[in-house]
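Number 272 marks the last residue of the sequence shown (this note's numbering); no jumps. All residues carry an ideal CB built from backbone N, CA and C; glycine is no exception.
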Amino acid sequence: MARARERLTATLRADRVLPSPNIWHWPQVYEAENRAQDADGEIWRLLAGVANWTGDVLDVGCGDGFHLPRFAERAAAVLGVEPHPPLVERAKTRIDGMTGVAVVLGSAQDLPVADASVDVVHARTAYFFGPGCEPGLREADRVLRPGGALVIVDLDAAHPPYGRWMRADLPGYDVAEVDRFFEISGFGRHRVVTRWAFPDRETLEAVLRIEFSAAVAARAIAETPGLEFPVGYRALVRRKPSGLIVG
Ligand SMILES: C[S@@+](CC[C@H](N)C(=O)[O-])C[C@H]1O[C@@H](n2cnc3c(N)ncnc32)[C@H](O)[C@@H]1O
């Protein structure tokens with residue numbers, strides 16, 4: 026339950042660096058989780074249509090940099106920003122030898138880059154963007170060029186079975202309230218259903234155990250007979266205005 030409480034606190038106050046027990050404490054299991062996620066590339070297909078990924082891309086809360094090489098395939102330059110120093114080191118190891126990709130210590134509230142210097146700010150499974158995250162939203166607006174986009178990809182707590190497991194551990198999480206927050210903050214919302222596919226039961230169970238309390242993980246494992254399950258996401262997109270508004 027301690028882990029669930031930690032995440033609940035995280036959900037309710039998105040204005041600072043938030044603990045991320047899964048990747049902070051079990052980075053190898055989280056790596057397996059990232060490999061299992063979005064087995065059919067649905068998120069990447071969606072993202073391709075909501076922003077231009079060929080310019081300067083900033084991945085905030087990049088963890089150990091799992092998505093940086095994928096961005097680097099198209100982007101002119103990629104910068105990963107992460108507040109947890111051990112993950113910054115792991116991300117640097119991952120991108121070692123790649124050109125046009127860098128990783129720095131920083132947070133959504135304090136991005137170590139100049140004003141109007143990036144085309145896309147991306148954040149994946151980024152619960153530090155939610156109600157109360159206005160400082161992070163202002164910071165993203167500061168660093169984006171006019172016409173640039175903030176793209177937040179997060180788990181859809183309304184979509185079963187994963188969303189139901191999430192909500193069992195986070196009884197204070199109000200899906201409608203989170204949706205309302207993003208609506209009034211000017212975001213468009215896109216929902217997508219993906220498939221998480223695992224190589225074996227051991228990996229699937231290890232991933233569920235780092236994501237949920239012991240009781241909810243046991244239920245999730247019992248409810249999942251095979252090696253895969255569906256997981257819903259939503260992509261929230263807000264564009265920085267590109268011109269003067271003449272009234
Ligand atoms: C669930 S992990 C996801 C990591 C990565 N985006 C991925 O998909 O592999 C969330 C990450 O957000 C980072 N984080 C927490 N609070 C943050 C904040 N205020 N600003 C930026 N990153 C933050 C954590 O350190 C962690 O690495």
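Per DSSP, residue 50 is one residue of the alpha helix (DSSP H) stretching across 46 to 50. Across the structure, residue 153 and residue 241 are spaced so that their CA atoms are roughly 23 Å apart.
If you check the C-beta of residue 182 against ligand 1, you find no heavy atom less than 8 Å away. In chain order, 85, 86, 154 and 177 place their CB closer than 6 Å to the CB of residue 148, counting only its own chain and leaving out the 5 sequence neighbours on each side. With a beta-carbon spacing of about 7 Å, residue 82 and residue 143 fall inside the 8 Å limit used to define contacts. By the neighbour-count criterion, in which a residue is buried when 16 or more other Cβ atoms sit within 10 angstroms of its Cβ, residue 263 is buried. Nearest to residue 159 by alpha-carbon distance, out of 45, 52, 72 and 210, is 210. Taking C-alpha positions only, residue 172 is separated from residue 247 by approximately 47 Å. If you draw a 10 Å sphere on the C-beta of residue 213, you find fewer than 16 other C-beta atoms in it, and that means exposed. Looking at the DSSP output, residue 219 shares a beta bridge with 256. In chain order, 47 and 48 place their CB closer than 6 Å to the CB of residue 55, counting only its own chain and leaving out the 5 sequence neighbours on each side. When secondary structure is reduced to three states using DSSP, residue 99 falls in the coil class, being assigned neither helix nor strand. Relative to the non-hydrogen atoms of ligand 1, the Cβ of residue 167 never comes closer than 8 Å to any of them.
If the five residues before and after residue 105 are omitted, its C-beta is found closer than 6 Å to the C-beta atoms of 84, 87, 90, 93, 116 and 128, all from its own chain and listed in chain order.
For residue 148, the shortest C-beta to heavy atom distance toward ligand 1 is below 8 Å. Straight through space, the alpha carbons of residue 66 and residue 101 are spaced by roughly 22 Å. The closest heavy atom of ligand 1 lies 8 Å or more from the beta carbon of residue 53.
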